[in-house]
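Here the sequence shown stands for residues 1233 to 1571, where the numbers follow the numbering used here.
The C-beta atom is built at its ideal place from N, Cα and C for all residues, glycine as well.
Because the structure is a prediction, the values reported are computed rather than measured.
Contents: one structure, followed by commentary.
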Amino acid sequence: MVSTNCSGTNAFRYGTMKDWVINLTIVLADGQIIKTRRRPRKTSAGYNLTSLFVGAEGTLGIVTEVTLKLAVIPKETGVAVVSFASIADAASAASKLIRSGISLAAIELMDDVQMRIINRHGSEAVRKIQWDENPSLFLKFSGPTKEGVDGDISQVRNIIESNNPQKYFFANNKDEESSLWAARKEALWTMTSLKPEGHTIWSTDVAVPISRLAEIVDISKKEGKELGIFASVVGHVGDGNFHEALMYDAKDPALHASVEKAIHRMMDRALEMEGTVSGEHAIGMGKMHCLVNELGPDTIHTMKLVKQALDPKWIMNPGKVFTVPEDSNVSPAPRHMGF
Ligand SMILES: *[C@@H]1O[C@H](CO)[C@@H](O)[C@H](O)[C@H]1NC(C)=O
Ligand SMILES: *[C@@H]1O[C@H](CO)[C@@H](O)[C@H](O)[C@H]1NC(C)=O
Ligand SMILES: *[C@@H]1O[C@H](CO)[C@@H](O)[C@H](O)[C@H]1NC(C)=O
């Protein structure tokens, strides 16, 4: 999580991994063990090495110890799910809810495909709900008092009235809260359970400003449909970040090439929209060339200077983020597909 600056459904309220790391112990390429900083919340003493190693994907050193901040667990919570006529309606509703200032703890989007799957393949408690098979927003609320949380939930209908809401699901108690939210949690597993033997799932993510989210999700879904393969979208809509999962027979080289092309188009589109090629899965091997498009050669060059200084022999997670220079003696790890 530290190495990819990871995040998930809670990032909307609490920020990403980097916001929670106080300090790190790192083993450097030459065997030295360093600690990045001391305890206080504030410091302007020197470079922030903690943030250099957060998100470095293990290419600058090995993280062996992490000290994290703690958060207070909210006393009261609530969950609601609303379905919409279209992705555009759901995204517009999401941005209205965010701007209304109500105390949202998480705001997630699942598309029509994913809603259909949880109705058929979710756990028993989830299937019982009989979901509306339209793009849906999953909303989590939290706060110190029940009155406050209930008050926020009761405003939802008014705020999104003009966005063609279809069906509302409100949790009346803790059990119902966990059943509603379980549908979001089970998204990945319901999909993998559908995967025929020999097929692969290519799961990828990008992030764009939230004002462009509906547009990029719509185009990406359309392209997935045109390929004639299974494609579903699940999004951390509050952060403008979404995942597309494409399931297909990787033994078909022509199909594989088309999927790869579609994914590259999605990356380019995200950049055109002032977004990023990875909201939370990082660069690894598959997105190396996209990183150059996102940051430009001068920035990449500076990153490589840092890499070269800390790891001159390129032994730290070789072949990730940057290609290993040809004059080094390291052979990069073999390339894998899917997950
Ligand atoms: C890292 O932070 C923890 C918690 O504040 C502290 O106990 C520890 O001494 C710090 N490590 C270093 C090397 O400063
Ligand atoms: C240094 O970076 C870490 C990780 O990104 C962050 O949590 C911390 O707030 C930063 N510290 C300062 C003083 O900027
Ligand atoms: C971590 O992610 C946050 C949010 O995406 C971003 O603002 C920050 O720059 C990232 N930090 C690092 C060190 O990668």
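Beta-carbon contacts of residue i that lie in its chain and below 6 Å, excluding the five residues immediately before and after
{"i": "serine 1239", "result": "Thr1248, Glu1512"}
{"i": "lysine 1372", "result": "Val1311, Ala1337, Ala1338"}
{"i": "methionine 1347", "result": "Trp1363, Glu1365, Ser1368"}
{"i": "phenylalanine 1462", "result": "Met1479"}
{"i": "alanine 1446", "result": "Ile1319, Ala1320, Ala1323"}
{"i": "glycine 1488", "result": "This sequence places histidine at residue 1488; glycine is not what is there. For histidine 1488, where only same-chain residues beyond five positions count, the Cβ hits under 6 Å are Ala1482."}
{"i": "leucine 1426", "result": "none"}
{"i": "asparagine 1237", "result": "Thr1248, Met1249, Lys1250, Val1286, Gly1287"}
Closer than 7 Å: residue i CB and nearest ligand 1 heavy atom
{"i": "isoleucine 1254", "result": "yes"}
{"i": "threonine 1296", "result": "no"}
{"i": "threonine 1299", "result": "yes"}
{"i": "arginine 1269", "result": "yes"}
Simplified DSSP assignment, three categories, for residue i
{"i": "methionine 1569", "result": "Residue placement at methionine 1569 is poorly supported in this model, since its pLDDT is 43, which falls under 50; the coordinates still yield a value, given next. It is coil, neither helix nor strand."}
{"i": "lysine 1399", "result": "strand"}
{"i": "methionine 1207", "result": "With the chain running from 1233 to 1571 in the structure shown, residue 1207 is simply not present."}
{"i": "glutamate 1340", "result": "strand"}
{"i": "lysine 1536", "result": "helix"}
{"i": "glycine 1310", "result": "strand"}
{"i": "glycine 1300", "result": "It should be noted that the sequence gives leucine, not glycine, for residue 1300. In this structure, leucine 1300 counts as strand in the three-state DSSP scheme."}
{"i": "lysine 1372", "result": "strand"}
{"i": "histidine 1431", "result": "strand"}
{"i": "alanine 1288", "result": "coil"}
{"i": "aspartate 1437", "result": "strand"}
{"i": "asparagine 1255", "result": "strand"}
{"i": "valine 1509", "result": "coil"}
{"i": "serine 1327", "result": "helix"}
{"i": "leucine 1294", "result": "Checking the displayed sequence, the identity of residue 1294 turns out to be isoleucine instead of leucine. Isoleucine 1294: strand per DSSP, three-state reduction."}
{"i": "serine 1283", "result": "helix"}
{"i": "serine 1425", "result": "helix"}
{"i": "asparagine 1242", "result": "coil"}
{"i": "asparagine 1366", "result": "coil"}
{"i": "asparagine 1473", "result": "strand"}
Contact test: residue i Cβ vs ligand 2 heavy atom, cutoff 7 Å
{"i": "aspartate 1484", "result": "no"}
{"i": "threonine 1282", "result": "yes"}
{"i": "threonine 1275", "result": "yes"}
{"i": "aspartate 1543", "result": "no"}
{"i": "aspartate 1251", "result": "yes"}
8 Å Cβ cutoff, residue i in contact with chain C
{"i": "serine 1332", "result": "Among the chains in the structure shown there is no chain C, since it carries only a single protein chain."}
Proximity test, residue i beta-carbon vs ligand 3 heavy atom, cut-off 7 Å
{"i": "valine 1286", "result": "yes"}
{"i": "threonine 1248", "result": "yes"}
{"i": "asparagine 1237", "result": "yes"}
Beta-carbon separation (whole angstroms), residue i vs residue j, contact threshold 8 Å
{"i": "valine 1234", "j": "valine 1314", "result": "At roughly 35 Å, the Cβ-Cβ gap does not stay under 8 Å, so valine 1234 and valine 1314 are not in contact."}
{"i": "arginine 1416", "j": "phenylalanine 1370", "result": "5 Å"}
{"i": "alanine 1499", "j": "valine 1509", "result": "Correcting the residue identity first, residue 1499 is methionine in this sequence and not alanine. Contact flag correct, Cβ pair sits at about 5 Å."}
{"i": "glycine 1290", "j": "methionine 1548", "result": "6 Å"}
{"i": "alanine 1357", "j": "alanine 1414", "result": "6 Å"}
{"i": "threonine 1241", "j": "glutamate 1379", "result": "So it is not a contact: roughly 25 Å between Cβ atoms."}
{"i": "valine 1449", "j": "valine 1465", "result": "6 Å"}
Cutoff 7 Å; reference residue i; Cβ partners in own chain excluding five residues on either side
{"i": "serine 1410", "result": "none"}
{"i": "glycine 1570", "result": "Any reading at glycine 1570 must be qualified, since the residue scores a pLDDT of 38, below 50, and its modelled position is unreliable; the value itself is stated next. Excluding residues within five positions, the ones whose Cβ falls inside 7 Å are Thr1432, Ile1433, Trp1434, Ala1482."}
{"i": "alanine 1243", "result": "His1468, Asp1471"}
{"i": "threonine 1422", "result": "Ile1349, Ile1350, His1353, Gly1354"}
{"i": "isoleucine 1334", "result": "Asp1384, Gln1387"}
{"i": "histidine 1568", "result": "Residue placement at histidine 1568 is flagged as unreliable, the pLDDT there being 49, under the threshold of 50; the coordinate-derived value follows with that caveat. Nothing meets the Cβ criterion."}
{"i": "serine 1560", "result": "Lys1545, Trp1546"}
{"i": "leucine 1459", "result": "Ser1490, Val1491, Ala1494"}
{"i": "threonine 1282", "result": "Val1253, Asn1255, Leu1256, Thr1268, Arg1269"}
{"i": "leucine 1300", "result": "Trp1252, Val1253, Ile1254"}
{"i": "arginine 1359", "result": "Asn1351"}
The alpha helix (DSSP H) enclosing residue i, as first and last residue numbers
{"i": "isoleucine 1448", "result": "1445–1458"}
{"i": "serine 1410", "result": "1406–1417"}
{"i": "alanine 1357", "result": "1356–1359"}
{"i": "cysteine 1522", "result": "1520–1527"}
{"i": "arginine 1501", "result": "1485–1504"}
{"i": "glutamate 1379", "result": "1378–1392"}
Beta-carbon contacts of residue i that lie in its chain and below 8 Å, excluding the five residues immediately before and after
{"i": "threonine 1377", "result": "Lys1307, Glu1308"}
{"i": "alanine 1325", "result": "Val1314, Phe1316, Leu1369, Ile1391, Ile1392, Asn1395, Pro1397"}
{"i": "proline 1557", "result": "Trp1546"}
{"i": "arginine 1389", "result": "Pro1397, Tyr1400"}
{"i": "leucine 1412", "result": "Val1311, Ala1312, Val1313, Ile1361, Phe1370, Phe1401, Ala1403"}
{"i": "aspartate 1382", "result": "Gly1310"}
{"i": "threonine 1296", "result": "Thr1257, Ile1258, Val1259, Ile1265"}
{"i": "histidine 1496", "result": "Cys1522"}
First through last residue of the beta strand (DSSP E) which encompasses residue i
{"i": "methionine 1249", "result": "Neither: methionine 1249 is in no beta strand (DSSP E) and is coded neither H nor E."}
{"i": "serine 1332", "result": "Counting along the chain, serine 1332 falls outside any beta strand (DSSP E), and DSSP gives it neither H nor E."}
{"i": "lysine 1267", "result": "1265–1267"}
{"i": "serine 1464", "result": "1462–1468"}
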